[in-house]
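Each remark here refers to the structure printed beneath this line.
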Amino acid sequence: MTDPRADAQGTDAAPLSFYDEIGGHETFVRLVETFYRGVAEDDVLKPMYPEQDLGPAQVRLTMFLEQYWGGPTTYSEQRGHPRLRMRHAPFHVNPDARDRWLAHMRAAVDELALSPLHEATLWDYLQRAAHAMVNTFEPSGIGPAAGGRAATSLPLTSPRPDSTA
6 MTDPRADAQG
16 TDAAPLSFYD
26 EIGGHETFVR
36 LVETFYRGVA
46 EDDVLKPMYP
56 EQDLGPAQVR
66 LTMFLEQYWG
76 GPTTYSEQRG
86 HPRLRMRHAP
96 FHVNPDARDR
106 WLAHMRAAVD
116 ELALSPLHEA
126 TLWDYLQRAA
136 HAMVNTFEPS
146 GIGPAAGGRA
156 ATSLPLTSPR
166 PDSTA
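Count along the sequence shown from 1, add 5, and you get the number used in this note's numbering.
Structure representation (structure tokens):
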């Protein structure tokens with residue numbers, strides 16, 4: 006049987022990337038569009054996005070995932086090195102935000118109906134990435150927030166008893 010990836014001279018061409026194996030650009034567009042439909046309705050995640058319109062965020066995530074999985078390098082060409090932790094540092098990413106992100110992404114992955122191997126590979130990466138983005142264990146409203154400011158000020162020391170009594 007002939008390898009369909011062999012070129013006209015019968016030599017093996019480069020192996021298909023994960024990006025190509027799961028359907029390329031259209032698959033990643035579907036994944037990200039489904040994911041952001043969930044984010045748009047999420048009262049914890051939606052406020053983390055500076056734009057009212059989630060379209061620019063959709064484009065960035067699509068480009069990032071495509072590049073990561075062996076597709077076009079447009080993300081790096083337009084935005085430089087991904088630096089995921091650095092780019093997410095200004096936002097309050099606690100375990101609740103991570104779990105919400107994962108729930109929306111799980112729904113999006115499920116809609117793709119990938120083969121079990123491709124689904125497991127993609128999901129493993131998404132889980133590891135989501136866990137790596139957690140930057141606080143404080144409940145929502147405390148800790149890193151948009152713009153790098155604390156969303157709620159907490160005293161750095163305990164209040165001192167009134168010494169005038």
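Just so you know, even glycine gets a beta-carbon here, dropped at the ideal spot from N, CA and C.
Residue 72 counts as buried, since no fewer than 16 other beta carbons sit within 10 angstroms of its beta carbon. A straight line joining the alpha-carbon of residue 80 with that of residue 36 spans about 17 Å. The region 46 to 66 makes no contact with the region 112 to 132, as fewer than three CB pairs between them are under 8 Å. Selection 33, 137, 78, 75 evaluated against residue 119 yields 33 as nearest (Cα-Cα).
Out of 122, 30, 110, 145, the CA that lies nearest to the CA of residue 75 is found in 30. Residues of the same chain with a CB within less than 8 Å of the CB of residue 137, apart from the 5 flanking positions on each side, are 89, 90 in chain order. Listed in chain order, the non-local C-beta contacts of residue 67 below 7 Å within the same chain comprise 33, 34, 37, local neighbours out to five positions each way being set aside. For a cut-off of 8 Å, the C-beta gap from residue 135 to residue 84 is around 20 Å, too long to register as a contact. Non-local C-beta neighbours of residue 98 in its own chain, meaning closer than 6 Å and more than five positions away in sequence, comprise 138, 139, 140, ordered along the chain.
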